[in-house]
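Written below as structure tokens is the structure these notes are about.
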Amino acid sequence: LARAREEGGAQAARLQAEAHKAQIDAKALNSRLEELTQELSAAKEALEQEKAEGEKLTSQVRANSAVLRERDAAQVRAHIEQQSLVKLQGEMKAISGELAMARERVEERGARVAELEKELSNSRAE
């Protein structure tokens, strides 16, 4: 019985350590998700600025061929920004999935720790 308690305690300690690591992993993923969210926001703002610039230059195209070249450059930048935005959205989605899985592992391990602690408590009560 004492051996079973020791094993249960050791298993609970391991699960607590795993749960703690999963929490740390989840925090790191949250931090990366926040970084990507900020990058995504900046990319969206840059994209909107590039689109606004492109529209302004479009109205002046017929008057000046130099303006036409600038508009084309703005559109290329907007396209590049849009590609970057799509890439960031993909990364954000992947990290969100990893974060969800990490949260599930934390919950599962937390439940297992609680179960083992209850078993340990019950065996001590006996």
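In this note's numbering, the protein residues as written are 19 to 144.
Heads up, the beta-carbon is just placed ideally off N, CA and C, and yes, glycines get one too.
Note on residue 99: 16 or more other CB atoms within 10 angstroms of its CB, so buried under the neighbour-count rule.
Contact annotation, residue 113 with residue 58: C-beta distance approximately 11 angstroms; criterion of less than 8 angstroms not satisfied.
With respect to the 7 angstroms criterion, residue 76 and residue 87 are not classified as neighbours on the basis of their beta carbons.
Taken through DSSP and simplified to helix, strand or coil, residue 19 comes out as coil. Rounded to whole angstroms, the separation of the alpha carbons of residue 116 and residue 139 is 34 angstroms. Looking only at 83, 56, 40, 23, the smallest Cα-Cα distance to residue 126 is reached by 40. Nearest to residue 62 by alpha-carbon distance, out of 95, 81, 42, 36, is 95.
Per DSSP, reduced to three states, the secondary structure at residue 140 is helical. Per the coordinates, the alpha-carbon of residue 120 lies some 19 angstroms from the alpha-carbon of residue 30.
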